[in-house]
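Undergrad:
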Amino acid sequence: MAVPVLPPTSENVDLAARLLAAGGLVAMPTETVYGLAASARAERAVARIFELKGRPRNHPLIVHLGSGADVGAWADGSGTDGERRRLEALAAAFWPGPLTLVVRKAAWVTDALTGGQPTVALRVPGHPVALALLDAFGGAVAAPSANRFGRISPTTAEHVAAEFAATDLVVLDGGACRVGLESTILDLTGARARVLRPGGVTVEALEVVVGERVEVNGGAAAPRVPGSLPSHYAPTAPTRLVGPAELERRAGERAGLAVLARRPAPDAFTGLWAVLPDDPVAFGAGLYAALRRLDAAAPSEILVESVPLTRPWLAGRGRLERASAPRRGAREPVTDGRTAPAGTTGRDA
2 MAVPVLPPTS ENVDLAARLL AAGGLVAMPT ETVYGLAASA RAERAVARIF
52 ELKGRPRNHP LIVHLGSGAD VGAWADGSGT DGERRRLEAL AAAFWPGPLT
102 LVVRKAAWVT DALTGGQPTV ALRVPGHPVA LALLDAFGGA VAAPSANRFG
152 RISPTTAEHV AAEFAATDLV VLDGGACRVG LESTILDLTG ARARVLRPGG
202 VTVEALEVVV GERVEVNGGA AAPRVPGSLP SHYAPTAPTR LVGPAELERR
252 AGERAGLAVL ARRPAPDAFT GLWAVLPDDP VAFGAGLYAA LRRLDAAAPS
302 EILVESVPLT RPWLAGRGRL ERASAPRRGA REPVTDGRTA PAGTTGRDA
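Positions in the sequence shown are counted from 1; adding 1 to them yields this note's numbering.
(1) From G116 to D279, what distance separates their C-alpha atoms?
(2) Work out the CA separation of E208 and W96 for me, nearest whole Å.
(3) Which residue marks the beginning of the beta strand (DSSP E) containing E302, and which one marks its end?
(4) With distances taken between CB atoms, is the gap from A76 to A108 smaller than 8 Å?
(5) Could you work out which residue in R251, S79, D71 is closest to E302 when comparing CA atoms only?
(6) Specify, as a first and last residue, the run of the alpha helix (DSSP H) that S11 falls within.
(7) Go ahead and label D82 buried or exposed: buried means 16 or more other beta carbons lie within 10 angstroms of its beta carbon, across all protein chains shown.
(8) Taking only the alpha-carbon atoms, compute the straight-line gap between A122 and A223 and give it to the nearest angstrom.
(9) What residue ranges within the region 26-112 form continuous beta strand (DSSP E) runs of no fewer than 3 residues, ordered along the chain?
(10) Between S11, R323, P119, which lies nearest to F138 when the distance is taken from Cα to Cα?
(11) Can the beta-carbon of P30 be found less than 8 Å from the beta-carbon of C178?
(12) Please confirm whether V172 and A28 have their CB atoms less than 8 Å apart.
(13) Nearest by alpha-carbon distance to L53: which of G317, P267, E164 is it?
(14) Could you please give the first and the last residue of the uninterrupted alpha helix (DSSP H) stretch that includes A162?
(15) Measuring alpha carbon to alpha carbon, tell me which of N218, V202, T185 ends up nearest R191.
(16) Check the DSSP bridge columns for E216 and list the partner residues they point to.
(17) Look at the Cβ atom of T237, then the Cβ atom of L100, and state whether they are nearer than 8 Å.
(18) What three-state label does DSSP hand A290 in the structure shown?
(19) At what residues does the alpha helix (DSSP H) containing L310 begin and finish?
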């Protein structure tokens with residue numbers, strides 16, 4: 002049974018809204034990645050997300066709102082004046098958009114959404130189809146990425162349909178995701194705002210809005226967030242992050258090798274080679290789709306050229322390090338001959 006992929010007509014958006022209201026699941030496009038959506042107030046539907054993805058129950062979900070005006074229903078409102086000021090300024094500047102804000106949760110918000118934590122993660126997605134669905138549904142949805150847990154996130158409707166073949170699921174097709182990487186997650190519950198996962202909004206842009214330094218990597222006391230496990234966003238094929246010198250050396254070794262780089266393939270290379278732009282925004286937009294194309298060819302190994310150790314590349318670097326992490330045991334060091342800066346390994350920065 003093929004998963005139905007529907008064009009985002011008003012009739013299909015209304016159909017998807019009715020499915021959500023009935024406790025069903027809908028895959029919806031956002032500007033970051035496609036999300037597997039369920040009514041955030043329906044515990045059985047939320048539980049179905051965990052079952053379908055194979056996601057650990059203590060891994061919190063992001064609640065997607067139709068408007069920033071809905072925050073008051075989810076937050077307990079007990080934060081300091083500074084926290085409230087940051088929340089209002091950031092929501093006004095970046096919502097709808099690829100920014101998730103972690104706040105103290107209202108008393109009624111269930112542990113199923115928060116992984117048992119006293120905080121809840123909220124965002125307003127910046128995609129017209131997602132906003133139309135939220136408006137038609139008239140409520141909030143929990144919507145992690147629409148893929149099996151730990152695997153490559155989907156950036157097209159076709160990725161979702163392939164991931165969940167023969168599943169009772171409807172996919173709204175909103176085209177390729179514009180940002181292509183998950184949202185930035187920003188914790189607002191401390192003395193300073195803290196980036197817990199880099200994404201579509203840069204640290205520099207956040208600092209301009211809050212008017213003060215934003216910490217990167219919250220440390221052991223920070224709330225758990227999606228994408229914080231050492232291995233995540235991972236292809237099926239063994240994947241390694243390598244520097245230019247090792248990439249050049251390995252490129253002539255054997256067939257069956259796949260490479261993702263920011264430079265053309267050498268003439269001697271006989272495997273599969275994908276090129277992404279040498280720009281952090283464009284690189285991020287194409288990263289997951291490129292990894293999926295390479296992985297679909299069932300290579301013996303995927304080599305990924307390392308990216309710069311600078312703030313604009315934080316989001317892409319974090320995804321690549323997790324995609325190339327060992328599936329079990331301790332992480333191996335990145336083999337590009339450099340040391341990653343604080344905030345780019347361990348927890349998502």
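Where a beta carbon is used, it is the ideal one built from N, C-alpha and C, also for glycine.
All figures in this text were calculated on a predicted structure; none of them were measured in a lab.
TA: With the given structure in hand:
(1) For G116 and D279, the distance between alpha carbons rounds to 37 Å.
(2) Taking the straight line joining both Cα atoms gives about 16 Å.
(3) First-last of the beta strand (DSSP E) with E302: 302-306.
(4) No; because the gap between Cβ atoms is not below 8 Å, this pair is not in contact.
(5) The residue from R251, S79, D71 with its alpha-carbon nearest to that of E302 is R251.
(6) Annotation: the continuous alpha helix (DSSP H) that includes S11 extends over 11-22.
(7) It counts as exposed.
(8) If I take the Cα positions, the gap works out to 13 Å.
(9) Counting only runs of 3 or more, we get 27-29, 36-40, 63-65, 100-105.
(10) The residue with the shortest Cα to Cα distance from F138 is S11.
(11) Yes, these two residues count as a Cβ contact at 8 Å.
(12) A contact, by the Cβ cut-off of 8 Å.
(13) Checked all of G317, P267, E164; the closest Cα to L53 is E164.
(14) It spans 158-164 - the alpha helix (DSSP H) in which A162 sits, taken as one unbroken run.
(15) In the sequence on display, residue 191 carries Gly and not Arg. Nearest option by C-alpha distance: N218.
(16) The partner list for E216 (beta bridge, DSSP) reads R195.
(17) Against a cut-off of 8 Å, the Cβ pair of L100 and T237 comes out as no contact.
(18) It is helical.
(19) If you look at L310, you'll find it isn't in any alpha helix (DSSP H); DSSP assigns it neither H nor E.
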